[in-house]
Amino acid sequence: MGNRDLETRGSWKNRTAPPPHPPSNYYTSSSPYYSESSDTQWTSWLVPMIVVANVAMFVIIMIVNDCPKHQNVSFEGKCVARFLGRLSFQPLKENPLFGPSSSTLEKLGALEWTKVVNDNESWRLVSSIWLHAGVIHLLANMLSLVFIGIRLEQQFGFARVGVIYMLSGIGGSILSTLFIKNNISVGASGALFGLLGAMLSELLTNWTIYANKAAALITLVVIILINLAVGILPHVDNFAHIGGFLSGFLLGFVLLVRPQFSWQERNHLPIEARGKSKYTVFQYVFWILSMIFLIAGFAVGLVMLFKGENGNDHCSWCHYLSCVPTSRWHCNNR
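Last residue of the sequence shown: 1012 (our numbering), numbering continuous.
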């Protein structure tokens, strides 16, 4: 596992935000979700389909991996759970997460700078989102997706959540590839951090409709900081987390805007209390600025990536965002 980085969310006026679930695993993030309201709820089907697709993809990965046939003799130990046949896992010294070899992940679409830039395999920016390094990695990400994604999909619908999920995953892949050149990376954590970022911007842009605003904001920020802090440990691709989070944060201002309470309830309020505009001025400002930063960020990132630039050349300290070396471990993510 030394050569793999793992990426490894009554009336509106009375809406409240209960405390979130704590982070469920080393490789993932959980986030707060808001309580049910009297608003019409969407039926969540996209998130369950994403979970099924990821599980199915992992099964395919293990079939292709076929540890008993392709076991790497350079690693000590035998295949784990050999009774599973070709679905058995690589030796734990090679992959402690109960999963395939690095070469299998690379063959099936893991994120790798050389192949994306030199071999023009830009499809890896998307394919890597659907790959996981092991059972532990897969379970952690899918549990987080269920906690975060289902509630968001119920509130905002599959289209908006799906766009945030995919674009955040791609944003995480772009930033990861710009800064990590010596390792491969897989996982849906960038997309999950995007949902987490979207929840934060949704809270900010729809600030006036929530009760207990300060408590909700502080709780959410603490969860975000804890999960990003975990990313400075080795073998965790924090650049994918950061890229996904920033993408989702900006997308939340664009896609998760709610009308003012007074406009939404205009038919039940006296004329003098009715809102004149569907959205507030600051909601329009956030929308415009977020669109500008989002388009500019993706454009600059893609141009730098396909020009073969190394992000570390433009930011000498940024590598510490993904791994901080200590006496117990070293970092080799540049």
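Glycine included, each C-beta is placed from N, C-alpha and C at the ideal position.
This one's a predicted model, so the numbers in the text were calculated from it and none came from an experiment.
- Secondary structure note for I858: it is in no beta strand (DSSP E), with a DSSP letter that is neither H nor E.
- Here the C-alpha atom of V804 lies approximately 15 Å from the C-alpha atom of G979.
- Here the stretch 799-816 lies against the stretch 772-780, with 3 or more beta-carbon pairs under 8 Å apart.
- By the neighbour-count definition (other C-beta atoms within 10 Å, threshold 16), S780 is a buried residue.
- I920 and L853 have their alpha carbons spaced roughly 8 Å apart.
- Secondary structure of F767 (DSSP, three-state): strand.
- The DSSP-derived three-state label of V914 is strand.
- Within the same chain, Cβ atoms closer than 7 Å to the Cβ of G986 are found at V795, the five residues on either side in sequence being excluded.
- Here L845 carries a helix assignment [DSSP, helix/strand/coil].
- Between the stretch 718-733 and the stretch 816-835 there are three or more C-beta pairs closer than 8 Å, enough to call the two in contact.
- In the three-state scheme derived from DSSP, where H, G and I count as helix and E and B as strand, L789 is classed as strand.
- At the C-beta level, V1002 and I910 come within 8 Å of one another.
- Looking at the DSSP output, V758 sits in a beta bridge with F767.
- Measuring C-alpha to C-alpha distances from C757 to each of K793, P778 and L823 identifies P778 as the nearest.
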